[in-house]
Amino acid sequence: MLVDLTVKEFLNKVAGSDPVPGGGSIAALNGAIASALAAMVANLTIGKKGYELHEELMRHISGVALQQKEAFVADIDRDSEAYDKVFACFKMPKATDEEKAARSAAIQEATKFAALVPMQVARNAYELMTVIMDVARLGNRNAVTDACVAMMSARSAVLGALMNVRINLGSLKDKEFVSKLQSEADELERLACAKEKELLDEINQELKV
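Below is the structure:
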């Protein structure tokens with residue numbers, strides 16, 4: 001599994017000539033990194049003098065972020081597996097009309113799945129951004145820039161995943177399915193970029209000397 005590789009091994013695999021792991025897995029990795037950083041900031045706040053009022057919230061954030069981290073880690077492999085399923089369908093026999101029909105239907109279903117996997121990554125990453133906003137505003141001020149990096153990583157996870165959604169939507173014949181996911185993708189992108197800007201504007205103002 002990809003998640004069992006060392007960082008160096010994983011990066012070398014990404015840099016290789018195989019199409020996977022690709023952008024979808026990297027989007028999920030960005031989500032995992034964002035989650036881990038959010039948990040770190042929360043944990044650096046717990047037990048610190050001056051933050052007693054937010055202790056319970058920080059414990060909650062830490063738990064939520066760690067759960068999301070595990071989900072994103074699983075998605076690193078799920079995205080590559082989704083691509084492999086599509087690729088396998090293209091190798092199906094197509095000598096007869098029946099085989100062609102079966103192959104076409106299988107490709108469509110596998111492509112839908114390949115769109116839904118990164119769509120869920122994007123949804124989860126945007127949900128994480130709200131958690132990051134709280135930990136950035138209320139958490140340990142010495143770790144506020146770590147929270148900002150978490151926010152930027154989460155936004156990258158959203159946008160990267162959505163690019164993988166869109167490339168798969170272009171191959172689908174189910175127009176209702178395509179329209180629904182495209183609309184959701186457009187809205188998620190807008191919201192994610194706005195949320196990142198909101199936090200970075202706040203923190204950049206706070207850090208001015």
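For the sequence shown, UniProt numbering assigns the number 209 to the last residue and increments by one with no breaks.
All C-beta atoms in this analysis are idealised placements derived from N, C-alpha and C, irrespective of residue type, glycine included.
- Counting along the chain, the unbroken alpha helix (DSSP H) around K175 starts and ends at 175 to 207.
- The alpha carbon of V7 has as its nearest neighbour, out of L191, I33, P19, the alpha carbon of I33.
- In the three-state reduction of the DSSP assignment, I167 falls in the helix class.
- For T45, the enclosing alpha helix (DSSP H) has its first and last residue at 23 to 45.
- If you check the CB distance, I61 and A88 do not come in under 8 Å.
- Here A110 carries a helix assignment [DSSP, helix/strand/coil].
- Excluding its 5 nearest sequence neighbours in each direction, V20 has C-beta neighbours in its own chain below 6 Å: S80, Y83, listed in chain order.
- Judged by DSSP secondary structure, L66 falls within the alpha helix (DSSP H) whose first and last residues are 55 to 90.
- For the set V178, C148, E176, K112, the Cα lying nearest the Cα of Q205 is the one of C148.
- Shown here, V20 sits in coil according to DSSP, grouped into three states, outside any helix or strand.
- Non-local beta-carbon contacts of H54 in its own chain, meaning distances under 8 Å to residues more than five positions away in sequence, involve T45, L138, G139 in chain order.
- Nearest to L207 by alpha-carbon distance, out of A143, L2, L128, is A143.
- Less than 8 Å separates the beta-carbon of A125 from that of G31.
- A residue is called buried when at least 16 other Cβ atoms come within 10 angstroms of its Cβ; P93 does not meet this threshold and is exposed.
- In this structure, A65 sits near V131, with a CB-CB distance shorter than 8 Å.
- For L29, same chain residues with a beta-carbon under 6 Å away, outside a window of 5 residues either side, are I76 in chain order.
- The continuous alpha helix (DSSP H) containing N12 extends over residues 7 to 14.
- Within the same chain, N30, G31, I33, A34, L37 come within 8 Å of S153 by CB-CB distance, once the 5 residues on both sides are set aside.
- Proximity to E127 across N12, F113, A192 peaks at A192, based on C-alpha coordinates.
- In the three-state DSSP reduction, N140 falls in the coil class, being neither helix nor strand.
- In terms of Cβ geometry, L199 and A136 form a close pair [threshold 8 Å].
- Setting aside the 5 residues that flank it on each side, G24 is surrounded in the same chain by D79, P118, N164, each with a C-beta closer than 6 Å to its C-beta; the list follows chain order.
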